[in-house]
């Protein structure tokens, strides 16, 4: 079974409703038009590596103090007890999304790739990171660019983001 993160751009009102009643999270699902839906992103298996490369720890977990590390998976849970598949749902407010969009847009491909350190990523899912693996680097860049585009669009709309591991 693969683990991937799903990110949903949502109006702040929907986030507030989920914070008040976590059963509202059931309204989120993998959309039929996922590839063309600007309010949804599936990060495939890149989430842990991208989290590490954006400032998270060596297990692929975001740092509460480093907003950029929360791009592929937030760190503030909506309800720790409400399971969304492999994790609870996490969120970023519209204000955090706007700031994160600025930070991730400012990060160059070269700077991101300089943070690729397979020897420090042994515990990051899927635990297959290798030196000088051009195919993997291209794959990570593809999803990094998708994150940049996703956050730019969510910031433009004034949306919050809900994310979880599925």
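Residue numbers (the working numbering): 10 to 175.
Idealized CB from N, CA, C, for every residue including glycine.
Here the structure is a predicted model, which is why all the values come from computation and not from measurement.
{"Item": "Within 8 Å, strictly: CB atoms of residue 63 and residue 86", "Value": "no"}
{"Item": "beta-carbon residue 81 near the ligand SAM non-hydrogen atom, thresh 7 Å", "Value": "Although the ligand SAM was asked about, the structure shown includes no ligands whatsoever."}
{"Item": "Reference residue 136; option with closest CA among 127, 47 and 142", "Value": "127"}
{"Item": "Which residues DSSP lists as bridging residue 92, in chain order", "Value": "97"}
{"Item": "With 16 other Cβ atoms within 10 Å as the buried cut-off, status of residue 83", "Value": "buried"}
{"Item": "As assigned by DSSP and simplified to three states, the class of residue 64", "Value": "coil"}
{"Item": "Through-space distance from residue 72 to residue 130, alpha-carbon basis", "Value": "15 Å"}
{"Item": "Exposure of residue 9, with buried meaning 16 or more beta-carbon neighbours within 10 Å", "Value": "Nothing about residue 9 can be read from this structure; the chain reaches only from 10 to 175."}
{"Item": "First through last residue of the alpha helix (DSSP H) which encompasses residue 26", "Value": "21-29"}
{"Item": "The stretch 47-56 / the stretch 108-123 touching (three or more Cβ pairs under 8 Å)", "Value": "no"}
{"Item": "Short Cβ contact (8 Å threshold) for residue 78 with residue 65", "Value": "yes"}
{"Item": "Residue from 18, 28 and 98 with nearest C-alpha to residue 174", "Value": "98"}
{"Item": "Cβ pair count under 8 Å reaching 3, the stretch 147-165 against the stretch 98-112", "Value": "yes"}
{"Item": "Nearest neighbour of residue 90, chosen from 61, 18, 39 and 34 [CA to CA]", "Value": "34"}
{"Item": "For residue 75, the three-state DSSP class (helix, strand or coil)", "Value": "coil"}
{"Item": "Straight-line Cα distance separating residue 25 from residue 32", "Value": "12 Å"}
{"Item": "Paired residues, beta bridge with residue 173 - DSSP", "Value": "15"}
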